[in-house]
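See below for the structure under consideration.
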Ligand SMILES: Nc1ncnc2c1ncn2[C@@H]1O[C@H](COP(=O)(O)OP(=O)(O)OP(=O)(O)O)[C@@H](O)[C@H]1O
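In the numbering used here, the protein residues as written are 7 to 535.
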């Protein structure tokens, strides 16, 4: 006789199993709730889920928000799969989506000739995963998800597995959404980082721009004073005389005055009195009529006429020959010019800005500059300080030139080492800002790292000056000047202009050096031998 079944024991057994099952689903839900990436999801699918659901293939498909299509969000056998779009109504996904129950299917039942089955079903079929289920996961704001599990044989899917899947379905939906949101958040964060970086760079550029006063860098007290003078004088039509050593920025000051003036929409015409051969200066300044002298084959409109209604900048005015100084004085007083060879006077309305790196007072006292012209020019003097007298501007200027030239050269240089900054600040900079700019440009060209760690300041000045001092009493100044220029030009291999040229070392514009060399009778054969 068969032993009667102990109903209580059976129920107890079931209860214990259910309890175990509940513990398991809670553990899976907890693990799922911590997942934020597809990689983490794959780890979980390969362990807890695979161990208890016994699938061969696990596919999570996700509809788009409009519910016109869907894509594979995760595939167990191919976790690296890139999202691929499928149409929603493929008689498979939409079937599962519409069903409240688990849809069980046998792949052999699908008539491939009738149905255009999605490729992952072909794939499952080819792998002999004959049976499968599709479960529409509970809807969580955003997308609809369907979970497909494939098995080699129908018996693998137990009631218990089905119950577990139903219990974790809600959490699966939430996890899928969490992964999507975390990925979007990551992308947004990366974009924000790029924007922040770009904004930072732009802020740096703006800083460089806003530090400038009309393109002039430097906020030292002396420069603030200069900016104030510029602002005061710009809107009048007063003549301005700018004093300052070579390379201190006199031309930039002239530009600033012009651009803040009432005639800023007119031209500023610039003349470097030192670089024009003496016999041409008059014709260049005032023009000539056709046939006025041998070689005057055409009419020339002089710089004063060209600058009419605007500004003329007479750089290195101290180099203007004496006989022309009188003519200039007349032009300034009478506001009219006469072209060489011309019979009529031409009225001109020009604002004059002159600049000099010489002491015009000394030039006057030594008879090389007319005192009346000096007083006529010296209406509103602006004295520009030498760079060594405003060392607090050196770092700003160096950084400004670094940004300017590294961009031009195409090298990403971040800054200067502390050592280089210190030596820049203590360097005497006889060529002033021009020399600093050239040194920075040169250092960028030679830089091998992102930070400039070396800057070789020309020692030539120290060596030369001691030698010059010894010779001072026995040689004329011109001779010393000639010898000094020759030595520097020789040292630069005959190069006059450019970053490796002698003009930089001498702190002069290339054109000024050439005209000085002509005046001193320095010829190519003297330094190329
Ligand atoms: N404050 C400044 N900010 C930015 N750049 C400057 C400044 N001062 C000078 N520079 C730069 O230094 C170089 C020399 O300036 P500039 O030609 O105006 O000097 P300068 O006094 O007229 O020289 P020179 O007497 O030899 O003609 C230029 O490249 C100029 O842009």
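Every residue, glycine too, gets a C-beta built ideally from N, C-alpha and C.
Quick caveat: nothing in here was measured; it's all calculated off a predicted structure.
Practice task
Compute every distance between the C-beta of residue 463 and the non-hydrogen atoms of ligand 1, then say whether any falls below 7 Å.
Solution key: The residue labelled residue 463 in the question sits at position 457 within the chain shown. Every heavy atom of ligand 1 is 7 Å or more from the Cβ of residue 463, so no.
Practice task
Let me know the secondary structure DSSP gives residue 280 once reduced to three states.
Solution key: Translated into positions along the chain shown, residue 280 becomes position 274. Reduced to three states, the DSSP call for residue 280 is coil.
Practice task
Going by DSSP, name the residue or residues bridged to residue 154.
Solution key: For the purposes of this step, residue 154 is taken as residue 148 along the chain shown, with counting starting at 1. DSSP, once it has assigned bridges, lists 65, 140 as partnering residue 154.
Handout entry: Where residue 515 falls: helix, strand or coil (DSSP)
Key = Against the chain shown, residue 515 aligns to sequence position 509. In the structure shown, residue 515 sits in coil (DSSP, three-state: anything other than H, G, I, E or B).
Practice task
Please find out if some non-hydrogen atom of ligand 1 comes closer than 7 Å to the beta-carbon of residue 223.
Solution key: On the chain shown, position 217 is the one that residue 223 refers to. Taking 7 Å as the cut-off, one finds at least one heavy atom of ligand 1 near enough to the beta carbon of residue 223.
Exercise for the section: In angstroms with no decimal places, state the Cα-to-Cα distance between residue 292 and residue 257. Expected result: As a position in the chain shown, residue 292 is number 286, starting the count at 1. As a position in the chain shown, residue 257 is number 251, starting the count at 1. Going from the Cα of residue 292 to the Cα of residue 257 covers about 21 Å.
Practice task
Check whether the Cβ of residue 403 lies closer than 7 Å to any heavy atom of ligand 1, and answer yes or no.
Solution key: On the chain shown, position 397 is the one that residue 403 refers to. Taking 7 Å as the cut-off, one finds at least one heavy atom of ligand 1 near enough to the beta carbon of residue 403.
Handout entry: Reference residue 430, options 415, 449, 416, closest by Cα
Key = If you number the chain shown from 1, residue 430 lands on position 424. Taking only the C-alpha atoms, the option nearest residue 430 is 449.
Handout entry: Beta-carbon gap between residue 360 and residue 247 smaller than 8 Å
Key = The count along the chain shown starts at 1 and reaches residue 360 at position 354. The count along the chain shown starts at 1 and reaches residue 247 at position 241. Yes; because the gap between Cβ atoms is below 8 Å, this pair is in contact.
Handout entry: Assumed close pair residue 383, residue 323 - CB separation to whole angstroms, cut-off 8 Å
Key = Along the chain shown, read from residue 1 onward, the residue named residue 383 stands at position 377. Along the chain shown, read from residue 1 onward, the residue named residue 323 stands at position 317. With 8 Å as the limit, residue 383 and residue 323 qualify as a contact, their Cβ atoms being about 7 Å apart.
Handout entry: Outcome for residue 198 when other beta-carbon atoms lying within 10 angstroms are tallied against a minimum of 16
Key = Residue mapping note: residue 198 aligns to position 192 of the chain shown, counting from 1. So residue 198 counts as exposed.
Exercise for the section: Grab me the residues of residue 408's own chain with a C-beta within less than 8 Å of its C-beta, minus the 5 sequence neighbours each way, in chain order. Expected result: Against the chain shown, residue 408 aligns to sequence position 402. The beta carbon of residue 408 lies closer than 8 Å to those of 419, 421, 422, 446, 450, 458 in the same chain, with the five residues before and after it left out.
Practice task
Spell out a yes or no on whether the segment 371-387 and the segment 322-337 are touching, meaning 3 or more CB-CB pairs, one atom from each, closer than 8 Å.
Solution key: yes
Practice task
Verify whether the separation of the beta carbon atoms of residue 528 and residue 491 is less than 8 Å.
Solution key: Start at 1 with the first residue of the chain shown, and residue 528 comes out as number 522. Start at 1 with the first residue of the chain shown, and residue 491 comes out as number 485. In contact: residue 528 and residue 491 (Cβ atoms closer than 8 Å).
Exercise for the section: Answer yes or no: the CB of residue 395 versus the heavy atoms of ligand 1, is any distance below 7 Å? Expected result: Locating residue 395 in the chain shown gives position 389, where the first residue counts as 1. No, Cβ of residue 395 sits at least 7 Å from all heavy atoms of ligand 1.
Handout entry: At least 3 beta-carbon pairs within less than 8 Å: the segment 157-165 vs the segment 132-141
Key = yes
Problem - Whole-angstrom distance between residue 442 and residue 453, CA atom to CA atom - result: Start at 1 with the first residue of the chain shown, and residue 453 comes out as number 447. Start at 1 with the first residue of the chain shown, and residue 442 comes out as number 436. Roughly 16 Å separates the two Cα atoms.
Exercise for the section: Assign residue 39 to buried or exposed, taking buried as 16 or more other Cβ atoms, counted over all protein chains shown, within 10 Å of its Cβ. Expected result: Looking up residue 39 in the chain shown gives position 33. By the 10 Å Cβ count, residue 39 comes out exposed.
Practice task
Could you tell me whether any non-hydrogen atom of ligand 1 is closer than 7 Å to the CB of residue 181?
Solution key: Counted from its first residue, the chain shown places residue 181 at position 175. No.
Problem - Nearest-angstrom Cα separation, counted from residue 424 out to residue 91 - result: In the chain shown, the residue the question calls residue 91 occupies position 85. In the chain shown, the residue the question calls residue 424 occupies position 418. So the two alpha carbons sit approximately 57 Å from each other.
Exercise for the section: Using the DSSP secondary-structure output, state which residues sit across from residue 82 in a beta bridge. Expected result: What you label residue 82 is simply residue 76 of the chain shown in a count that begins at 1. Answer is none; residue 82 lacks a bridge partner.
Exercise for the section: Label residue 315 either buried or exposed according to how many other C-beta atoms from any shown protein chain fall within 10 Å of its C-beta, with 16 as the threshold for buried. Expected result: Here the question's residue 315 lines up with position 309 in the chain shown. Its Cβ having fewer than 16 others within 10 Å, residue 315 is exposed.
Exercise for the section: Sort 108, 105, 128 by Cα distance to residue 115 and report the nearest one. Expected result: What you label residue 115 is simply residue 109 of the chain shown in a count that begins at 1. Of 108, 105, 128, the residue nearest in Cα terms is 128.
Exercise for the section: Determine the DSSP secondary structure at residue 344, reduced to helix, strand or coil. Expected result: Within the chain shown, the letter at position 338 stands for residue 344. Coil, per DSSP.
Problem - Beta-carbon contacts of residue 227 that lie in its chain and below 6 Å, excluding the five residues immediately before and after - result: Indexing the chain shown from 1 puts residue 227 at position 221. Closer than 6 Å at the Cβ level, and outside the excluded window around residue 227, lies no residue.
Handout entry: Three-state secondary structure assigned by DSSP to residue 192
Key = Here residue 192 is taken as the residue at index 186 of the chain shown, counted from 1. Residue 192 falls in the helix class under three-state DSSP.
Problem - Beta-carbon proximity check, residue 174 vs residue 34, cutoff 8 Å - result: Looking up residue 174 in the chain shown gives position 168. Looking up residue 34 in the chain shown gives position 28. Yes, these two residues count as a Cβ contact at 8 Å.
Handout entry: Rounded C-alpha distance that separates residue 44 from residue 37
Key = Counted from its first residue, the chain shown places residue 44 at position 38. Counted from its first residue, the chain shown places residue 37 at position 31. Looking at the two C-alpha atoms, the distance is approximately 13 Å.
Handout entry: residue 79 burial status per 10 Å Cβ neighbour count (16 or more: buried)
Key = Walking along the chain shown from the start, residue 79 turns up at place 73. By the neighbour-count rule (16 or more Cβ atoms within 10 Å), residue 79 is buried.
Exercise for the section: Please report how far the alpha carbon of residue 99 lies from the alpha carbon of residue 191, in whole angstroms. Expected result: Position 93 of the chain shown holds residue 99. Position 185 of the chain shown holds residue 191. About 29 Å.
Practice task
Under 8 Å Cβ to Cβ from residue 353, same chain only, skipping five residues before and after it: list those, please.
Solution key: The residue labelled residue 353 in the question sits at position 347 within the chain shown. Once the five neighbours on either side are set aside, the close Cβ partners of residue 353 are 341, 342.
Exercise for the section: Answer yes or no: the CB of residue 256 versus the heavy atoms of ligand 1, is any distance below 7 Å? Expected result: Taking the first residue of the chain shown as 1, we reach residue 256 at position 250. Checking every heavy atom of ligand 1 against the Cβ of residue 256, one is found closer than 7 Å.
Handout entry: Same chain only: Cβ atoms within 6 Å of residue 149, ignoring 5 sequence neighbours per side
Key = Working through the chain shown from its first residue, we reach residue 149 at position 143. So the list reads 68, 69, once near-sequence residues are dropped.
Handout entry: Same chain only: Cβ atoms within 6 Å of residue 369, ignoring 5 sequence neighbours per side
Key = Translated into the one-based positions of the chain shown, residue 369 becomes position 363. Contacts found: 324, 375.
Practice task
Would you mind stating whether residue 509 and residue 516 have Cβ atoms separated by less than 8 Å?
Solution key: As a first step, residue 509 is located in the chain shown; it is residue number 503 there, counting from the start. As a first step, residue 516 is located in the chain shown; it is residue number 510 there, counting from the start. Yes. Within cutoff.
Problem - Own chain, CB closer than 7 Å to residue 380, minus 5 neighbours either side, in chain order - result: On the chain shown, residue 380 is found 374 positions in, with the first residue counted as 1. Answer for residue 380: 366, 370, listed in chain order.
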